[in-house]
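Scroll down for the structure; my scribbles are underneath it.
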Amino acid sequence: MSNGFRASVKEYLKSSGYSQIQLAHELGLNAKVLSRKLGSDGKALITHREIRVIITTLARWHAITTREEAHHLLEEAEVGASLFSQQEWDTPPLSTLTTTLANKPEAVPPSDLANQPLQTRRHNLPTLTTRLIGRGWTAHRLQQLIGRDDIRLITLIGTGGSGKTRLALSVAREQISAFEQGVWFVPLAGVNNPALVPVSILQALDIPSPPGFAPSRSLITYLEQKQLLLILDNFEQVGGATEVIEEILAAAPGVKILITSRVALRMYEEHAFSVPPLDVPDPAVSLVPNELLHYGAVQLFVERAQAVKPDFALTEANAATITRICARVDGLPLALELAAARIRILPPSSLLGRLEQARLTILTGGAKNLPGRHHTLRNAITWSYDLLSPLEQRWFCRLGIFIGSWSLEAAEALMQEMVGEDQEVVSAVDMLEQLADNSLIVQIPYDYGLARFTMLETLREYALEQLDKHDNVTCLRNWHACYYLRKAETGEQALRGPQQLVWLARLSADRDNFRAALEWSLQRAKDGLKINTLPRPDRPQDQQSVAGSRILSSKGRARTDLQAHEFHLRLAAALRPYWEWQGYLTEARHWLASALALPVADDAGETLLAARAKALSEAARLSSLENNQERAKELVEESIVLWQRLDDPEGLAGALLHRAWVALATSDYETGRAACQEGLDQLAHTDAPWLRAQLLFYLGAAAGFMGEFRRMEALYGQSLELFEQLGDISATADVLKDHGAMLILESRFADSIRLLSKSLELCYRIQQKQYLTTGLCWLSIAAGLHGKPDETQATLYSAQIKGAVEVLMGSIGLNSWAETHPFIQAVEQYIRSRIDEESWEAARNVGRSLTIEQIMDLVRTIGEGL
Numbered sequence: 015m016s017n018g019f020r021a022s023v024k025e026y027l028k029s030s031g032y033s034q035i036q037l038a039h040e041l042g043l044n045a046k047v048l049s050r051k052l053g054s055d056g057k058a059l060i061t062h063r064e065i066r067v068i069i070t071t072l073a074r075w076h077a078i079t080t081r082e083e084a085h086h087l088l089e090e091a092e093v094g095a096s097l098f099s100q101q102e103w104d105t106p107p108l109s110t111l112t113t114t115l116a117n118k119p120e121a122v123p124p125s126d127l128a129n130q131p132l133q134t135r136r137h138n139l140p141t142l143t144t145r146l147i148g149r150g151w152t153a154h155r156l157q158q159l160i161g162r163d164d165i166r167l168i169t170l171i172g173t174g175g176s177g178k179t180r181l182a183l184s185v186a187r188e189q190i191s192a193f194e195q196g197v198w199f200v201p202l203a204g205v206n207n208p209a210l211v212p213v214s215i216l217q218a219l220d221i222p223s224p225p226g227f228a229p230s231r232s233l234i235t236y237l238e239q240k241q242l243l244l245i246l247d248n249f250e251q252v253g254g255a256t257e258v259i260e261e262i263l264a265a266a267p268g269v270k271i272l273i274t275s276r277v278a279l280r281m282y283e284e285h286a287f288s289v290p291p292l293d294v295p296d297p298a299v300s301l302v303p304n305e306l307l308h309y310g311a312v313q314l315f316v317e318r319a320q321a322v323k324p325d326f327a328l329t330e331a332n333a334a335t336i337t338r339i340c341a342r343v344d345g346l347p348l349a350l351e352l353a354a355a356r357i358r359i360l361p362p363s364s365l366l367g368r369l370e371q372a373r374l375t376i377l378t379g380g381a382k383n384l385p386g387r388h389h390t391l392r393n394a395i396t397w398s399y400d401l402l403s404p405l406e407q408r409w410f411c412r413l414g415i416f417i418g419s420w421s422l423e424a425a426e427a428l429m430q431e432m433v434g435e436d437q438e439v440v441s442a443v444d445m446l447e448q449l450a451d452n453s454l455i456v457q458i459p460y461d462y463g464l465a466r467f468t469m470l471e472t473l474r475e476y477a478l479e480q481l482d483k484h485d486n487v488t489c490l491r492n493w494h495a496c497y498y499l500r501k502a503e504t505g506e507q508a509l510r511g512p513q514q515l516v517w518l519a520r521l522s523a524d525r526d527n528f529r530a531a532l533e534w535s536l537q538r539a540k541d542g543l544k545i546n547t548l549p550r551p552d553r554p555q556d557q558q559s560v561a562g563s564r565i566l567s568s569k570g571r572a573r574t575d576l577q578a579h580e581f582h583l584r585l586a587a588a589l590r591p592y593w594e595w596q597g598y599l600t601e602a603r604h605w606l607a608s609a610l611a612l613p614v615a616d617d618a619g620e621t622l623l624a625a626r627a628k629a630l631s632e633a634a635r636l637s638s639l640e641n642n643q644e645r646a647k648e649l650v651e652e653s654i655v656l657w658q659r660l661d662d663p664e665g666l667a668g669a670l671l672h673r674a675w676v677a678l679a680t681s682d683y684e685t686g687r688a689a690c691q692e693g694l695d696q697l698a699h700t701d702a703p704w705l706r707a708q709l710l711f712y713l714g715a716a717a718g719f720m721g722e723f724r725r726m727e728a729l730y731g732q733s734l735e736l737f738e739q740l741g742d743i744s745a746t747a748d749v750l751k752d753h754g755a756m757l758i759l760e761s762r763f764a765d766s767i768r769l770l771s772k773s774l775e776l777c778y779r780i781q782q783k784q785y786l787t788t789g790l791c792w793l794s795i796a797a798g799l800h801g802k803p804d805e806t807q808a809t810l811y812s813a814q815i816k817g818a819v820e821v822l823m824g825s826i827g828l829n830s831w832a833e834t835h836p837f838i839q840a841v842e843q844y845i846r847s848r849i850d851e852e853s854w855e856a857a858r859n860v861g862r863s864l865t866i867e868q869i870m871d872l873v874r875t876i877g878e879g880l
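Sequential numbering of the sequence shown, starting at 15, is according to my numbering.
So this is what it looks like as structure tokens:
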């Protein structure tokens, strides 16, 4: 299959306003799986069934409207029209596709129109001095909509500077001959009174209004028998003129109206057409200049830069910098043009540096023949901001406190908890809808049906500027940090139960907000300050327990002021399980190290000491995963001493679990067993089934290492039963993984592979990267020792898995103790010795190049060979 099919599908989704996540839902796929299938590398297979569903879904969504478009997709997918039966072509949604593309009208040559009589003029469109860039697909789609008989009112909606007017004019020029009386442009930027809209339209048409007649009546009379396209530009400030639009549509069936606006009209007849920023390449992905020029944002920046500096060029040396510039200004055409104008005096690296310091300050100096609102990006945003009511302005600015995106629940909490005594209580849903209608925020789809919103970073910078002038920013940042501490601690508990995948998605969506809360709390902690919140004794989440500590559960939840030091410790510790699950081990080590580096005062309270004890234990876990067992032992023993001092049984049991982990990794099996048993004794009078299951799990591991295999089986069984009762898929996969590894010691290689394969399938499904990586490490050994289908092939399997493991370990920051254990090293050397070194290295390099899907296919191949 060619990449053309993948590219076309993504373009159809974008132009129609649908997302890959919505398409993935129709296909019954995880969104990330579909993203890989539609990726440019073309490695993930798109099946015939998926092609059928994609095309019928696009037809049902009206993302494709002609049978030619469907046939073109089938050709790009390298399958024929026979993929659908004739009956399917004759049945909706495929039967709704028209059989021929609408003929594109030829543009009328501008043959001295100014000297012709009024009746022969076909348009008053201003001359375009630059070409339309990065909007080819969008322009084509808009032309199709204008050509449809059932659509007569189209509103181009987008934030200021997104290029709505430029797109409308470019498309309108292609439509001149499609309308008997042509296409007429009506600029409304200078009109503030809705009553003047009919006058403005008459003036654009050069039609006088007879004395004694209202302008609206004169306009309707003139338009009744006409066939023309009206373009009403900058309609947002005269929204009260929708009544005139309704009258025109009702009285003049031959008239169509194309409106540009930052605000949706919310009329029944309206067909809203979003004009998003231009495509921006991902700064994290390295692309060569020719590849970058496929992105509209890069094309526009380079072309405008060359207009002011003719020798400017996109090169290997500046490609990454220009990519970051385009991302920094959100791909907004106006911002790109203003930034490119600075290339006259600033090299790209200097421009980027200034943009990173303050975007709105550097994005000034627009062309003098442009409207004043386009001379600076700040002016363009202020134009939109001034259209808001004072209440809308206040909440737009406050929403700027979120980083990246935020959930509906977060916005509701903000609007409930941060309302002053003299301020009006608002509905979060209504407020978000109003701000979205004004193109100041955008709703984005997300997994598990979560409603989320975001704003462009340029708008966010403006919102924070205004917030700093008119609101208590420190109070809002404190609220933001406390909200995300509550969410992190709730999520830590939830990752242990049946809702763990839902919560994994929620935590992932708010990764940027967690980082902001960590940075804010660290800054406050270094300054010796507190983080205060408004008292909310009725808030149910304040009564929930904190994982791993009786003290933090009973005394740390409902307080309205926290030492920032304690706050930072708690937040970093609560996020450790999420970071490990996702393979963000390097980030986890960074934040826990910053938390533990804060000095502890002699008079520190017990909640701060409990938070430190928990953070020490979590950091020990991370050091052990880094195979720095000596450091892990130091950290966890300090944690144990603190928990004993605080008399917190649950906290002590958790630290003893991590002490056992270190002991087992260093072959100190007796200490490991004793630590697990002591931990279980601590939980004798505590309701902590998840922690009890963990201690039973590692007690079983200690028994296995000591050759007590029957006891090992019994303890693993008890642990597995508890985890399954709790609905913890991740922990279930962990037990299966370690049980499978232990069976290698009994030479039960086939059984080992079965359990490891089962664990790996679970890890792949829930995207548990740490367990997936360590499970593959054990599978490499089990498959090699099993020797099936023959020793040579088994050794090649082992080498391929080994290569894959090396890449995965590097990507997540994992360094397993097994990589340096003498016995395991001897076993791996034995497996390796069965083939020549060249063959081993070749197979290992194959493994290093495999995608995660290909790795799982190899796992299944090994399992099928039992």
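Note that the Cβ used here is the ideal one computed from N, Cα and C, for glycine as well.
- If you draw a straight line from the Cα of Lys628 to the Cα of Ala519, it is about 24 Å long.
- In the displayed model, Pro290 falls within coil according to three-state DSSP, outside both helix and strand.
- Exclusion of the five residues before and after Gln696 leaves Pro663, Glu664, Leu666, Ala667, Leu670 as the residues of its chain whose Cβ lies within less than 8 Å of its Cβ.
- As a beta-bridge residue in DSSP terms, Asn546 pairs with Asp575.
- When DSSP reads this structure, Val200 sits in a beta bridge with Leu246.
- In this structure, Glu503 and Ala561 form a Cβ contact; the two beta carbons are roughly 7 Å apart against a cut-off of 8 Å.
- Taking 8 Å as the upper bound for CB-CB distance, Ala531 and Leu478 are not in contact here, some 16 Å apart.
- Around the beta carbon of Val433, a 10 Å sphere encloses fewer than 16 other beta carbons of the protein chains shown; the residue is thus reported as exposed.
- Sequence-distant partners of Ile245 (beyond 5 residues in either direction) whose C-beta falls short of 6 Å from its own C-beta, in its chain, are Ala182, Ala186, Phe199, Leu272.
- About 6 Å separates the beta carbons of Thr788 and Ser830, which is inside the 8 Å limit, making them a contact pair.
- In this structure, DSSP gives Phe737 a helical state, which the three-state scheme calls helix.
- Closest in C-alpha terms to Leu243, from the list Ile565, Arg525, Ile165, comes Ile165.
- The criterion of a C-beta distance shorter than 8 Å is satisfied by Thr179 and Asp247.
- By the beta-carbon neighbour count (other beta carbons within 10 angstroms, threshold 16), Gln514 is buried.
- When secondary structure is reduced to three states using DSSP, Arg466 falls in the strand class.
- Contact between the region 575-590 and the region 772-779 is not established, with fewer than three Cβ pairs separated by less than 8 Å.
- Take Glu351, set aside five residues on each side of it, and the residues of its chain with a beta-carbon closer than 6 Å to its own are Arg318, in chain order.
- Only residues of its own chain outside the window of five on either side were considered, and among them Leu536 have a CB closer than 7 Å to the CB of Ser608, listed in chain order.
- Sequence-distant Cβ neighbours of Pro703 in its own chain, meaning closer than 8 Å and more than five residues away, are Leu736, Gln739, Leu740.
- Boundaries of the alpha helix (DSSP H) harbouring Ser744: 743-759, taken from the DSSP string.
- The Cβ atoms of Ala311 and Gly345 lie closer than 8 Å to each other.
- For Trp792, the uninterrupted alpha helix (DSSP H) run begins and ends at 783-800, by DSSP.
- The shortest CA-to-CA distance from Arg659 to any of Leu636, Ser638, Gln691, Glu620 is the one to Glu620.
- With contacts defined by Cβ atoms closer than 8 Å, Arg81 and Leu111 form a contacting pair.
- A direct Cα-to-Cα measurement between Asp526 and His800 gives close to 45 Å.
- DSSP places Leu612 in the coil class of the three-state scheme, outside both helix and strand.
- Put simply, the backbone Cα of Leu499 is about 14 Å away from that of Lys544.
- The three-state secondary structure of Gln241, taken from DSSP, is coil.
- Beta-bridge partners assigned by DSSP to Ser563: none are found.
- In this model, Ala755 and Gly861 are separated by some 21 Å (Cα to Cα).
- Between the beta-carbon of Ser230 and that of Glu260 there is about 11 Å, and that puts the pair past the 8 Å contact cut.
- Here Cys489 is exposed, its C-beta having fewer than 16 other C-beta atoms within 10 Å.
- Within the same chain, Cβ atoms closer than 7 Å to the Cβ of Gln782 are found at Trp595, Ser744, Ala747, the five residues on either side in sequence being excluded.
- Around the beta carbon of Lys57, a 10 Å sphere encloses fewer than 16 other beta carbons of the protein chains shown; the residue is thus reported as exposed.
- Inclusion of Ile171 and Val289 in the CB contact set at 8 Å is warranted, their separation being smaller than that value.
- Annotated three-state conformation of Leu328 is coil, per DSSP.
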